[in-house]
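> Numbering (our numbering), first residue to last: 10 to 673. All C-beta atoms in this analysis are idealised placements derived from N, C-alpha and C, irrespective of residue type, glycine included. These numbers come from a predicted model, not from an experiment. Can you keep this structure in mind? I'll have questions shortly.
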Ligand code: PTT
Ligand code: SF4
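As structure tokens, this is what we get:
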């Protein structure tokens, strides 16, 4: 249904939509079906009370208001318009993706079936001339975890999607042959991708740009996605990679090699002049930060030294948390090898540090990549690590899950649980395993499934050191002696990722030993702003978390773009809504298999202490962790098993979800 004018009278929670008429659309959602030409609706919910700047009525701006739907099975596309209620409740990105997956995937859908949705969603700040604003969320039901999965990458494709007139692209169905979606010259076409199938991500993007011109944005998969490696990612611009829980594999299952987007339109803005002023001020403010210069030199890489100093550096499959060769994979060492710097569009913080690998090829390094393919597999040679990292980018494999899986296989080999011989720190062994993983050969067949499934297959207690939560491998922070960060991993919306609650830096300065409620409060605060706010406004969180760019900028950006006034507090509420919706999705998918143990970190952190460093002998305390979890559930309004209560869902404006999931 087309929304032309909307108004919000917050005091009574009355929403008025004036629509231009019913729309013929193949992709009906509940919302579309329910809206009539002019509809007044009383809402009893208490979700964010938005007020519209400059009066009660505003033309909807900031969003393009359209989702592009492509059904690969039927070879059809359609543009679907969404309404203000959807936009204001979910903003964009993760919020949109979670709602679409909830509404449109049937319980128990096979992630590799045509019925799974592959969502590429931007937000109201994406593509605008604002600091670090070229991000997009890619989401689907995950083949690695069986729950909600997403990732966030910066790309011209995100900017161009908005400038092509869409806030999101939703792909359903499965193509009969390899294909790619081309959104060019004002048309949407499904093109033959036979000549690109089997190519790595770098070559695919280069060839597609040769064909469609340099200005297009391209999202593609490598051979990892084609061959359904369960942690295959979507890649762009030779080094932007997103969708850790196998979004690239979902793309491969749909035989979709790439998406090519050209964008030439203006993004509709409520107050263009104000937005431009804020953009100039914002970029200047980023530049003026005291740690800006150091950030440009090292980006995330300085975290190696910090983690080593604080005994949280994953080493040999998280067995230890200090690495003897840390200095040779550190940020300082990287600076000596650095040849150039790369980054996402619209960003003046460009944080991708590029060095040459052992074969003389360029490889873009980040902290996570270097540690998971370095210390976590016992490898202390940065050029060799860079080589493995480049392979991961080209094949389109998530470096975090890959590094965990290599570490797991090396440990299984050491313990003689598998017949293959792989040694800690052996680059050739790691490289061979990566290639076997992509081809699905030998032990690579096991590795392609991730650590949870691999441990289930080889048994013999290996689940104790299969380092994942809900099937998603842990990112690069050891938590033997960091209970707050362990809770962040345990309760993260997609499985063990640091992206939502990276509390470890705060935790170590606050007091790592504590299992007190302040840890829960910090995890919640971060999940709300990082997991909800940044993922749904869809903008990079680095200006804020790394340089101290104040959160108060974002409501101002939002208002200039959309004309809708909001606040940091309301963005927190959005985060709560998105988190409870995603939790409901997990519970719906797992059914009777769901229990609070799904929110536990891996047993290794409780059972085996590291043998060296200042935190030698320290491990997590089970009772302490349970106390944290209880407190977390209470504060979230979830029951003792981590299932959202009906009252919580209703309060968050998710009454429809409460009917399916939710204990009173
Ligand atoms: C992200 C995860 C991370 S988090 C890293 S390094 W990091 C790894 N990067 C990989 C890579 O590179 N190649 C590869 N083949 N696999 C990789 N897996 C890992 O993926 C990324 C930056 C980074 S670098 C981080 S923290 C921040 N993440 C953000 C986020 O999640 N949300 C947000 N609003 N802003 C963010 N800003 C920062 O973006 P996933 P990118 Mg990535 C080469 O995708 O699935 O979210 O996992 O997108 O454009 O490369 O930027 O120390
Ligand atoms: Fe991309 Fe880094 Fe800039 Fe964020 S800070 S937008 S990850 S280049």
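Is residue 343 helix, strand or coil by DSSP?
Here residue 343 sits in helix by DSSP.
> Return yes when at least one heavy atom of the ligand SF4 lies under 6 Å from the C-beta of residue 566, else no.
Answer for residue 566: no, Cβ out of range of the ligand SF4.
> Quick one: using the 10 Å Cβ neighbour count with 16 as the cut-off for buried, is residue 372 buried or exposed?
It is buried - the Cβ of residue 372 has at least 16 other Cβ atoms within 10 Å.
> Measuring straight from C-alpha to C-alpha, what distance separates residue 247 and residue 271?
Looking at the two C-alpha atoms, the distance is approximately 18 Å.
> If you draw a straight line from the alpha carbon of residue 284 to that of residue 138, how long is it in whole angstroms?
Rounded to the nearest angstrom, the two C-alpha atoms are 8 Å apart.
> Grab me the residues of residue 577's own chain with a C-beta within less than 7 Å of its C-beta, minus the 5 sequence neighbours each way, in chain order.
So the list reads 560, 561 and 564, once near-sequence residues are dropped.
> Nearest by alpha-carbon distance to residue 634: which of 605, 342, 622 and 120 is it?
Of the candidates 605, 342, 622 and 120, the one whose C-alpha sits nearest the C-alpha of residue 634 is 605.
> In this structure, how does DSSP classify residue 54 when only helix, strand and coil are distinguished?
Since pLDDT at residue 54 reaches only 26, below the 50 mark, its modelled position is unreliable, and the value read off the structure follows with that caveat. Here residue 54 sits in coil by DSSP.
> What do you get for residue 103, buried or exposed, if any count of 16 or more other CB atoms within 10 angstroms of its CB means buried?
Residue 103 comes out buried.
> Entirely within the stretch 484 to 539 and at least 4 residues each: give me those alpha helix (DSSP H) ranges in chain order.
Qualifying alpha helix (DSSP H) stretches, in chain order: 492 to 500, 513 to 519 and 526 to 535.
> Using 10 angstroms around the beta-carbon of residue 660, count the other beta-carbons present and answer buried if the total reaches 16, otherwise exposed.
So residue 660 ends up on the buried side.
> Just curious, the alpha helix (DSSP H) that residue 650 is in, first and last residue?
Unbroken run through residue 650: none, as it is neither H nor E.
> I'd like to confirm something about residue 310: is its beta-carbon nearer than 6 Å to some heavy atom of the ligand SF4, or not?
Incorrect: residue 310 has no Cβ contact closer than 6 Å to the ligand SF4.
> At 4 residues or longer, and completely inside the stretch 585 to 619: list those alpha helix (DSSP H) runs for me, N to C.
DSSP runs (the alpha helix (DSSP H)) wholly in the stretch 585 to 619: 613 to 616.
> Considering only the alpha carbon of each residue, which of 71, 580, 113 and 175 lies closest to residue 536?
When each option's Cα is compared against that of residue 536, the closest is 580.
> Is there at least one non-hydrogen atom of the ligand PTT closer than 6 Å to the beta-carbon of residue 543?
Yes, the beta carbon of residue 543 sits closer than 6 Å to at least one heavy atom of the ligand PTT.
> Going by alpha carbons, who is nearest to residue 437 out of 397, 454, 451 and 171?
Closest by alpha carbon: 397.
> Excluding sequence positions up to five away, which residues of its chain have a Cβ less than 7 Å from the Cβ of residue 83?
Same-chain partners within the cutoff: 182.
> Looking at the unbroken beta strand (DSSP E) that takes in residue 244, where does it start and where does it end?
Here the beta strand (DSSP E) through residue 244 covers 243 to 245.
> Is residue 320 near the ligand SF4, in the sense that its beta carbon is under 6 Å from a heavy atom of that ligand?
No, Cβ of residue 320 sits at least 6 Å from all heavy atoms of the ligand SF4.
> Between the Cα of residue 630 and those of 615, 622, 620 and 621, spot the shortest distance and give me the residue it belongs to.
Closest by alpha carbon: 615.
> Between the C-alpha atoms of residue 143 and residue 548, what's the straight-line distance to the nearest angstrom?
Spanning the two alpha carbons is a distance of roughly 7 Å.
> Considering only residues of the same chain and omitting the five flanking positions on each side of residue 75, which have a CB-CB separation below 8 Å?
88, 89, 90, 91, 174, 175 and 176.
> Taking only heavy atoms of the ligand SF4 into account, decide whether any of them is closer than 6 Å to the Cβ of residue 163.
True, at least one ligand heavy atom lies under 6 Å from that Cβ.
> My guess is that residue 476 and residue 654 are in contact by the Cβ rule of under 8 Å, so how many angstroms apart are they, rounded?
No, residue 476 and residue 654 are not in contact; Cβ-Cβ is about 31 Å, not under 8 Å.
> Please list the segments of the beta strand (DSSP E) lying wholly inside the stretch 229 to 302, counting only runs of 3 or more residues, in order along the chain.
Qualifying beta strand (DSSP E) stretches, in chain order: 243 to 245, 249 to 251 and 265 to 270.
> Using the three-state DSSP reduction, which class does residue 171 fall into: helix, strand or coil?
If DSSP states are grouped into helix, strand and coil, residue 171 belongs with the helices.
> Would you say the beta carbon of residue 294 is closer than 6 Å to some non-hydrogen atom of the ligand FMN?
With respect to small molecules bound, the structure shown includes the ligand PTT and the ligand SF4 and not the ligand FMN.
> With a threshold of 6 Å on Cβ separation, who are the neighbours of residue 407 within its own chain once the five nearest residues in sequence on each side are excluded?
Answer for residue 407: 240, 242 and 253, listed in chain order.
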